[in-house]
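According to the numbering used here, the sequence shown holds residues 535 to 843 in order.
C-beta atoms are modelled at their ideal positions from N, C-alpha and C, and glycine is treated no differently.
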Amino acid sequence: MHKPINVLMLCFFSLLSFSLFLLVPHVYGAEKISDYVGADACKECHPDYYNSYAKTIHAKKAIPNSPGAGAACESCHGPGGKHVADGGGKGSIVSFDRQTNPAKKSAMCLTCHDSTQELTFWDMGKHKTMGVSCDACHTVHSATLYVRHSLKAPESTLCLPCHKDVRSQINRQSHHPIQEGKIKCSDCHAVHGGFGPKMVKADSGPDLCYKCHTEKRGPFAFEHPPVAENCATCHQAHGSNHNNLLTSKVPQLCQACHDTGLGHNSLALTGQHGFMGNATANKNRFFAQGCLNCHGNIHGSNRSPTFER
Ligand code: HEC
Ligand code: HEC
Ligand code: HEC
Ligand code: HEC
Ligand code: HEC
Ligand code: HEC
Ligand code: HEC
Ligand code: HEC
Ligand code: HEC
Ligand code: HEC
Numbered sequence: 535m536h537k538p539i540n541v542l543m544l545c546f547f548s549l550l551s552f553s554l555f556l557l558v559p560h561v562y563g564a565e566k567i568s569d570y571v572g573a574d575a576c577k578e579c580h581p582d583y584y585n586s587y588a589k590t591i592h593a594k595k596a597i598p599n600s601p602g603a604g605a606a607c608e609s610c611h612g613p614g615g616k617h618v619a620d621g622g623g624k625g626s627i628v629s630f631d632r633q634t635n636p637a638k639k640s641a642m643c644l645t646c647h648d649s650t651q652e653l654t655f656w657d658m659g660k661h662k663t664m665g666v667s668c669d670a671c672h673t674v675h676s677a678t679l680y681v682r683h684s685l686k687a688p689e690s691t692l693c694l695p696c697h698k699d700v701r702s703q704i705n706r707q708s709h710h711p712i713q714e715g716k717i718k719c720s721d722c723h724a725v726h727g728g729f730g731p732k733m734v735k736a737d738s739g740p741d742l743c744y745k746c747h748t749e750k751r752g753p754f755a756f757e758h759p760p761v762a763e764n765c766a767t768c769h770q771a772h773g774s775n776h777n778n779l780l781t782s783k784v785p786q787l788c789q790a791c792h793d794t795g796l797g798h799n800s801l802a803l804t805g806q807h808g809f810m811g812n813a814t815a816n817k818n819r820f821f822a823q824g825c826l827n828c829h830g831n832i833h834g835s836n837r838s839p840t841f842e843r
């Protein structure tokens with residue numbers, strides 16, 4: 535009478551423990567299912583974090599795969615059973631503080647965001663390889679939700695504490711209008727990683743610049759070779775103390791490649807342009823001259839092989 539039941543029981547329990555064996559290490563690491571306690575348990579002791587989270591996109595139950603539709607706080611902080619049983623305290627739950635390993639922090643986010651298109655090249659980016667984690671730029675508990683993409687600060691200032699050289703560049707006399715809010719760092723950079731050099735959003739220098747300065751692309755009947763090759767030969771992308779983001783002043787900029795000796799002087803100054811010279815006629819008279827007064831279409835021209843206006 536009793537035997538068949540025992541066999542059945544045995545089968546049941548071995549099946550159960552086998553499935554637990556499968557489930558436990560794969561899904562929840564070393565923790566048990568019961569270690570997930572739900573957001574209400576956290577609310578009592580962390581009302582501020584509860585309320586700030588509740589206002590964010592992550593808390594929205596209607597969005598599939600959001601923390602709100604799943605394990606809430608514990609989607610990011612991991613199971614909280616032990617932490618709650620201990621009555622809170624440090625070290626018993628995943629924290630996003632400075633001491634926590636950046637790769638571990640990002641991994642919590644990537645359990646969901648590894649399929650976000652934006653994050654496809656995260657593993658290749660300098661930020662990941664240099665130990666910058668998601669929470670260096672994003673907050674998920676912010677009261678300042680006017681900042682798009684849950685950023686910790688508006689993009690015009692977000693990156694600057696870590697990139698002090700860029701901060702000084704964008705404050706120079708000539709600069710891309712980043713602080714003015716007309717363009718953003720992420721218009722040019724794939725902040726989550728990409729194929730371009732220096733994580734720019736293009737394969738080559740000119741392609742990046744053509745996105746907004748299409749008129750410089752040509753094609754021109756008479757091309758100025760350095761232009762199609764690399765805008766950065768003459769321009770500093772963030773900012774410069776010379777007009778037009780130039781890497782150096784005209785004429786030095788041009789004279790790095792062109793020998794404008796006496797031959798060119800006489801050619802240009804006599805007959806053709808009727809220039810009569812000045813008080814320093816015995817010196818190189820071009821030195822104080824803007825080459826651009828005559829070679830005004832420096833990016834290429836359809837009329838003049840020497841890019842004159
Ligand atoms: C009984 C009160 C209590 C409950 C319930 C509680 N916590 Fe805590 N929690 C604390 C205390 C106290 C600390 C330590 C704070 C400190 O020292 O700054 C803490 C710290 C933390 C930390 C930082 C840990 C660290 O190592 O720095 C996180 C993250 C956290 N709690 C999340 C949660 C989550 C998520 C829940 C719900 C699953 C939760 N807490 C439930 C009291 C609680
Ligand atoms: C989407 C991921 C995510 C969710 C969901 C989430 N947190 Fe956090 N939590 C973070 C991050 C990231 C930080 C670091 C500070 C920040 O982002 O503003 C943090 C910080 C904290 C801290 C401060 C200690 C620390 O780790 O730096 C506590 C406490 C905390 N969260 C509790 C909670 C509670 C309670 C909930 C649920 C009501 C919750 N969190 C939901 C990601 C999350
Ligand atoms: C349980 C899954 C899950 C986890 C874990 C998670 N997210 Fe999300 N997150 C989502 C979903 C779903 C959305 C909304 C749809 C979307 O944009 O993909 C979202 C949206 C976002 C957005 C866009 C929000 C906006 O304001 O535009 C950012 C940024 C973000 N998450 C960052 C993080 C960070 C940082 C972490 C880790 C601290 C994290 N997420 C953890 C599921 C998750
Ligand atoms: C260096 C700063 C930085 C880091 C680190 C960073 N992000 Fe972002 N993230 C941004 C900026 C800036 C944007 C908005 C502009 C953009 O989408 O390029 C953004 C946008 C997003 C979005 C929204 C995309 C959309 O289309 O709305 C998600 C989701 C996101 N980040 C998740 C993450 C996750 C997950 C990590 C970590 C694996 C991470 N980010 C690391 C700066 C960062
Ligand atoms: C108009 C496009 C553009 C904008 C906007 C822009 N960058 Fe760049 N950035 C570039 C280019 C192009 C390079 C590569 C320059 C080179 O190789 O000479 C670069 C290089 C960098 C580098 C690497 C510098 C080095 O010497 O290795 C950092 C860091 C950087 N940018 C950060 C930023 C930050 C932060 C912002 C916003 C404040 C920003 N950039 C805005 C185009 C841009
Ligand atoms: C928490 C600090 C931190 C923040 C915030 C940060 N970065 Fe970085 N960034 C780094 C570090 C570290 C490196 C790697 C060392 C280096 O090249 O300076 C890096 C490298 C870069 C590079 C050079 C990539 C290469 O291939 O050389 C670019 C471009 C860049 N960051 C852009 C940004 C932009 C844009 C933002 C804001 C959206 C930003 N960073 C925010 C720390 C940060
Ligand atoms: C996302 C759009 C965008 C990209 C990409 C871009 N620029 Fe610009 N650029 C602007 C805007 C906006 C201005 C300001 C125009 C104005 O104020 O009329 C500007 C202005 C300039 C100026 C004139 C600056 C001055 O002092 O008057 C130069 C030179 C320039 N860009 C060169 C470049 C180069 C080189 C690249 C590639 C590294 C580039 N730009 C990429 C948007 C862009
Ligand atoms: C051989 C040096 C040189 C190269 C290479 C070069 N530029 Fe310029 N760029 C200049 C000079 C010089 C000026 C100032 C022109 C003036 O004052 O008439 C200028 C001005 C500009 C301006 C602002 C004034 C205007 O004409 O709109 C933009 C934008 C610009 N360049 C974009 C680019 C882009 C994009 C590239 C790459 C495709 C590029 N430049 C490559 C020398 C160069
Ligand atoms: C990085 C080097 C470089 C810089 C900087 C440079 N150029 Fe050139 N430039 C060239 C090359 C290469 C040619 C093509 C020469 C040839 O075809 O024989 C050229 C051609 C020219 C020509 C047409 C003459 C000819 O022989 O076809 C003029 C005019 C000219 N450059 C003026 C300037 C001016 C003005 C500047 C400064 C604003 C300048 N260049 C900056 C490399 C440069
Ligand atoms: C007053 C007008 C004027 C100024 C200023 C001027 N050029 Fe020229 N340049 C010319 C003319 C005109 C030609 C064409 C000569 C010809 O077709 O024989 C020329 C030709 C050139 C050439 C083609 C090679 C050659 O020597 O014939 C280069 C390169 C050049 N200039 C560079 C420069 C540079 C660099 C500067 C500034 C240091 C400069 N030019 C200033 C008018 C000028």
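Open item on the list: Does Met664 pass the burial test, meaning 16 or more other C-beta atoms within 10 Å, or should it be called exposed?
Closed with: Met664 comes out exposed.
Task: 8 Å contact criterion, which Ser667 and Lys639 should meet: CB distance rounded - done: Between the beta-carbon of Ser667 and that of Lys639 there is about 4 Å, and that keeps the pair under the 8 Å contact cut.
- [ ] Using only the heavy atoms of ligand 3, determine whether one of them is closer than 6 Å to the beta carbon of Ile591.
- [x] Distances taken from the Cβ of Ile591 to the heavy atoms of ligand 3 include one shorter than 6 Å.
Open item on the list: Which same chain residues end up closer than 6 Å to His647 when comparing Cβ atoms and leaving out the 5 residues on each side of it in sequence?
Closed with: If we look at His647 and ignore the five residues flanking it on each side, its Cβ neighbours are Leu653.
TODO: Might you give, ordered along the chain, the residues of its own chain that have their beta carbon closer than 7 Å to the beta carbon of Val561, omitting 5 neighbours on each side?
DONE: Residue placement at Val561 is poorly supported in this model, since its pLDDT is 39, which falls under 50; the coordinates are not used for a value here.
TODO: Give the C-beta separation of Ala724 and Lys735 to the nearest angstrom, bearing in mind that I take them to be a contact with Cβ-Cβ under 8 Å.
DONE: Confirmed, Cβ separation roughly 5 Å.
Open item on the list: If you reduce the DSSP assignment to three classes, tell me which class Leu694 lands in.
Closed with: It is coil, neither helix nor strand.
Open item on the list: Does the distance between the C-beta of Pro785 and the nearest non-hydrogen atom of ligand 10 fall short of 6 Å?
Closed with: Yes - ligand 10 has a heavy atom lying nearer than 6 Å to the Cβ of Pro785.
TODO: Pull up the distance between the alpha-carbon of Ala593 and that of Ser676, whole angstroms please.
DONE: Straight-line Cα distance between these residues: approximately 13 Å.
Open item on the list: Taking the alpha-carbon of Asn635 as reference, which of Ala670, Ser774, Val700 and Asp620 has the nearest alpha-carbon?
Closed with: When each option's Cα is compared against that of Asn635, the closest is Ala670.
Open item on the list: Under 8 Å: do the stretch 767–778 and the stretch 745–752 share three or more Cβ pairs, one atom per stretch?
Closed with: Under the 8 Å Cβ criterion, the stretch 767–778 does not count as touching the stretch 745–752, having fewer than three qualifying pairs.
- [ ] Return the chain-ordered ranges of every beta strand (DSSP E) run that is complete within the stretch 636–712 and spans a minimum of 3 residues.
- [x] At a cut-off of 3 residues, not a single continuous stretch assigned as beta strand (DSSP E) sits fully inside the stretch 636–712.
Task: Beta-carbon proximity check, Glu842 vs Cys825, cutoff 7 Å - done: Taking a C-beta distance under 7 Å as the contact criterion, Glu842 and Cys825 do not qualify as a contact pair.
TODO: Could you say if the stretch 582–596 and the stretch 678–698 meet the contact criterion of at least three C-beta pairs nearer than 8 Å?
DONE: With the cut-off at 8 Å, the stretch 582–596 and the stretch 678–698 touch.
TODO: Would you mind reading off the limits of the alpha helix (DSSP H) that contains Val618?
DONE: Gly615 to Ala619 is the extent of the alpha helix (DSSP H) around Val618.
Task: Backbone secondary structure at His772 - three-state DSSP - done: In the three-state scheme derived from DSSP, where H, G and I count as helix and E and B as strand, His772 is classed as coil.
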